Each structure stands twice: as C-alpha cells, then as structure tokens.
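A short write-up of the structure that comes next.
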Amino acid sequence: MPVAERDYIREESGNATSLFSRLAFWAERNSKLVTLLITALLIIIVLSAINYYYKKSQSKRAEQAINDALQTEYQYGIKDAIKQLEEAKGRYGSTTTFPKILYLLANKYHETGMLDEAKTTYEEFQKNFPNHLLIDSVNRAYQTLLKNKAWLEQDKKKLLAGMNIDTNPLKVSGTDIQSPTGKIGPIKEPNTLVEIETSKGKFTCELFDNESPNTVAHFMKLMEKNFYNGVKFAMINTDERIAPDVGLIQANLDYYLPIEINSRDAAVGSIILAKNEQGDANAPAAIQILLKPIPDLKEKTTILGIVTEGMDNVRKLTKDDSITKVTATKKRTSYPEPQVIKKK
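Taking my numbering, the leading residue of the sequence shown gets 2, the next gets one more, and so forth.
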C-alpha cells in the first residue's frame, strides 16, 4: 500500500496561521489588557527618552558650570570660582560630569591652602569613582596633599627653627642705645639679596628667607648651578607678568616643590613661583615677576621675593631679552637642603 507524502510546507504554514489566529483571538477577548500593556510600554519608552535627554542636558549644564567657574576665577579670583564649583557639586551630583567637578573643586581647595577640604573631596572621589579616568590624577594629587600637610605640620617648623627667633634686646648700661650684640639668642640674619643682570640692565631682588625658606633655598641652589644664565623671557597675560622661559630645561627636573603660603602681598615686582599643571605643587624653577598688583594671589601662591631696585629695567624686558647672570650680593650663613616632591 503506497505511503502518502507529508506536505511540511503546508503544515508549517498551517501552524503559523493557527498561532496567529490564536493570538488574534486572545487579543480580541483581552482587548482592554492589550491596550493597557501597549500604553504602559509607550509610557516607559517616553519616560526613558525624557530621562535620557534630561541627563544629557544636565551634563551640558554641568560642563557649562565648570567653564563659568574657570572664567570667574580669571576675572574675579579663585574664591568666587570655588563657590560656583560648590554649587555645581550640589546641583549636578547625578551627571557624568560630577567626577570632573569633584576633581576641580579638590584642586582649587588644595591650591588655596584649604587642605582639609581638599583631602575630604579627594577621598570622596576615590570612594565613589575608583575606576574613573581621572582616578590616577586624583591619587597623585592626594599623595602630594598628604606630603604638603606633613611638611606644613612638621618639617617647616624644623626649617624655621633658629631662623626667625624673636630676640630680647638689652640696653647698654647708662644709654638708650640697643646693642645688637646684647640680644638673647641668635641674631636674626637679614634676607638674601640677589642681582639679576639682563640684556636690558640689572635689577635687585630681596628673597623672603623667613616666609619661604624651602623655596629660597632651592632658588639659591639653582643660582649656584647657573640655571638661569642665558634663559630668555616670556610674557604672561601680556602686561600682567614676565618670566624666564624655563619650560624646556625645567622638564629635566624630576621633582616639584611644596607650596609655601605666606601673608606677603602680590604687589608690583613680587616674584612668585608658578604651580604645576595639577595645581597641587610648585614647578621647581618657574619664577614670575608681577608687573602689576594681583590681590587675588595673596595667600594662594608662593611669593619668593620682590624686586627692590631696577623695576624700570624689568618693565623694558621683552621676549627677545635674556638673563645674563644671577649673583647673590647678600647671603645667609647657610641654607637648608630643599625638600622636593618626586614626580611619579
């Protein structure tokens, strides 16, 4: 008896038709439920889209807040910039830009000497964003911060010991003349004076040994090695400051300097030390001479000294001029070995 062949194509088509028929029948009987499910799905899609574009717009606003803060720092000073970053931190905590806000805020705290606030903010970043692209920079800045805190709390006291002791003058018997040799304790040494010769003439600088002992000691070490001889000048912000262009030769130094904050005004002729790119330490040789007062720099940057004679010659300098020689016209008996922060 012959066996009939099976039509698989027809069977599959029939099965598919049967399945669709069943679905259509089920949908017809449960039309309200189907409508409800479709409506819920559309609501989820719409809400997801709204949430996506909201977060995207918030991230853009956060980036703009960062740009506004940096512009504020340039125009009005770093304190106002910190306030704006603090507001941004509270407002944009759920955005992808938040880690960047934390990092910048911590750096600004560090730069202005608010070390406890900086430490807390760095630690917040480390706890919440351990895998972020900025984590290596945060870790380096955090380690530098700890070294700065330790240096300020311990080592600076050792450096200042014997250098800034208040003396008690004794009057010479029978006179009102104070005898410097009759003082109790070591006689306080005068500040270091250096003379910088340039292609436009020379000028004299007084270095603040007592307020910035580590920075002065390091500068004297560079001077003895003729580090600045032959270096050309560069203008910064056109008429704001002038500086020896040490970028290339400074790159050979494998360390930074701790930031030393003092109460000296950032006045005309003040000699300051520029910070590194992270703002958490000083570039070791990048001195700058202010051509006009910048009050916002007070107690925020290391002021190494000030030009006391020859400021007219400083104002004549251009990018084509260079330093011929740096010599000390008045030195202290000794200088401490400079403490440095090794680059990683």
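Note that CB positions come from ideal geometry on N, CA and C, so glycine has one too.
Only a predicted model underlies this, so the values are computations on that prediction, with no experimental measurement involved.
query                                                                                              : result
Option in Thr-334, Val-315 and Glu-112 with minimal Cα separation from Met-236                     : Val-315
Euclidean distance between Cα positions of Val-327 and Ser-271                                     : 17 Å
Extent of the continuous alpha helix (DSSP H) to which Leu-254 belongs                             : No alpha helix (DSSP H) contains Leu-254, which DSSP labels as neither H nor E.
The stretch 255 to 263 in contact with the stretch 325 to 343 per 3-pair CB rule at 8 Å            : yes
Secondary structure of Asn-314, DSSP reduced to three states                                       : helix
Any 3 or more C-beta pairs closer than 8 Å across the stretch 50 to 64 and the stretch 86 to 98    : yes
The stretch 286 to 298 in contact with the stretch 259 to 278 per 3-pair CB rule at 8 Å            : yes
Element boundaries [beta strand (DSSP E), containing Val-195]                                      : 194 to 199
Where Leu-20 falls: helix, strand or coil (DSSP)                                                   : helix
Simplified DSSP assignment, three categories, for Met-236                                          : strand
Beta-carbon separation (whole angstroms), Phe-228 vs Ala-286, contact threshold 8 Å                : 6 Å
Inter-residue Cα distance where the pair is Asn-149 and Ile-260                                    : 7 Å
Coarse secondary structure for Phe-204, derived from DSSP in three states                          : strand
Proximity below 9 Å, CB of Thr-199 to CB of Thr-330                                                : no
Residues near Ile-102 in its chain [Cβ-Cβ closer than 7 Å; skip 5 each side]                       : Ala-63, Ile-67, Leu-86, Ala-89, Lys-90 and Tyr-93
Contacting residues, own chain, Cβ-Cβ under 6 Å from Lys-317 (five flanking each side not counted) : Lys-201
Backbone CA spacing between Thr-233 and Glu-310 [nearest angstrom]                                 : Note that residue 233 is Lys in the sequence shown here, rather than Thr. Using only the alpha carbons, I get a separation of about 21 Å.
Best match in Arg-141, Arg-23, Val-269 and Asn-230 for proximity to Ile-250 [C-alpha to C-alpha]   : Asn-230
Nearest-angstrom Cα separation, counted from Arg-23 out to Leu-42                                  : 22 Å
Proximity of Asp-313 and Pro-294 at Cβ, strictly below 9 Å                                         : no
Asn-230 - DSSP class collapsed to helix/strand/coil                                                : coil
Start-to-end residues for the beta strand (DSSP E) that takes in Val-327                           : 324 to 331
Contact check, Leu-194 vs Glu-207, beta carbons under 9 Å                                          : yes
Whole-angstrom C-beta distance between Leu-146 and Leu-116, which should lie under 8 Å             : 6 Å
Own chain residues within Cβ distance below 8 Å of Glu-212, not counting five before or after      : Glu-261, Asn-263, Ser-264, Arg-265 and Ile-304
Alpha-carbon to alpha-carbon, Ile-51 and Leu-106                                                   : 30 Å
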